[in-house]
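Here the structure is laid out as structure tokens; the discussion comes afterwards.
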Amino acid sequence: TAPVLGSATVNGRLLVLSYTDVGNLDTDAGKIVAASAFAVSSAGNEAISVSSVAVSGKTVTLALSRSVAGGETVKLSYTRPTTGDNVIQDAVGNDAASFTDQAVSNLVPDITAPVLASATVNSRLLVLTYTDVGDLNVGKTAAASAFAVSSAG
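Each step along the sequence shown adds one to the number in my numbering, with nothing skipped, and position 68 is 68.
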């Protein structure tokens, strides 16, 4: 019986796949599951690259190129390689099946408020840049009256 994806979770830069199987996944020395076998994307299909893959017990951990924000959902696909030993399989050689667009949510809430990182002026345009793991909420705009701007000179 081949291992079956039971669940997937993401927190920060780590996406963890938990497989169901009688035994553990194959972690033979020299066996490396190919990062290229995975595709991760976010809203708007923004690709998130997988920098490394680690297999331990019944889990496969993907290290992502960027953090996934609290409340953000990504899509995950796995395409089983057709050649080589770089596939997800159990200790007796049963290969896990490919899957497409598995939704994985970061259920850890984003409790860090955005912080002003810089402000620049170009003619009549004042640009405020904030630090935050995710994007600012474009659906909520501060009123112009919330800002006070004055000249230093």
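By construction, the Cβ of each residue, glycine as well, lies at the ideal position given by its N, Cα and C atoms.
Predicted model, so just to flag it, every value in this text is computed and none were measured.
Here F38 is buried. Its C-beta has 16 or more other C-beta atoms within 10 Å.
The beta carbon of D95 sits closer than 8 Å to the beta carbons of A2, R80, V87, I88 and Q89 from its chain, once the five residues preceding and following it are set aside; these are given in chain order. Restricting attention to L107, V60 and E72, the CA atom closest to the CA of E46 is found in E72. In this structure the stretch 118 to 125 does not lie against the stretch 59 to 71, because fewer than three pairs of beta carbons, one per stretch, are closer than 8 Å.
Straight-line measurement puts the Cα of G70 at about 12 Å from the Cα of V104. Secondary structure of G12 (DSSP, three-state): strand. In this structure, the beta-carbon distance from V4 to V33 does not fall below 9 Å.
Boundaries of the beta strand (DSSP E) harbouring N122: V115 to N122, taken from the DSSP string. Here G6 has S18, Y19 and T20 as same chain residues with Cβ atoms under 7 Å from its own Cβ, once five neighbours each way along the sequence are excluded.
Spatial neighbours of V16 in its own chain (CB-CB distance under 6 Å, excluding positions within 5 residues in sequence) are listed in chain order as T9, T59 and T61. Under the three-state reduction of DSSP, S151 is assigned to coil, being neither helix nor strand. Straight-line measurement puts the Cα of T100 at about 36 Å from the Cα of T129. Judged by their CB atoms, V53 and V40 are not nearer to each other than the 9 Å cut-off. Q102: member of the beta strand (DSSP E) spanning F99 to S105, first to last residue.
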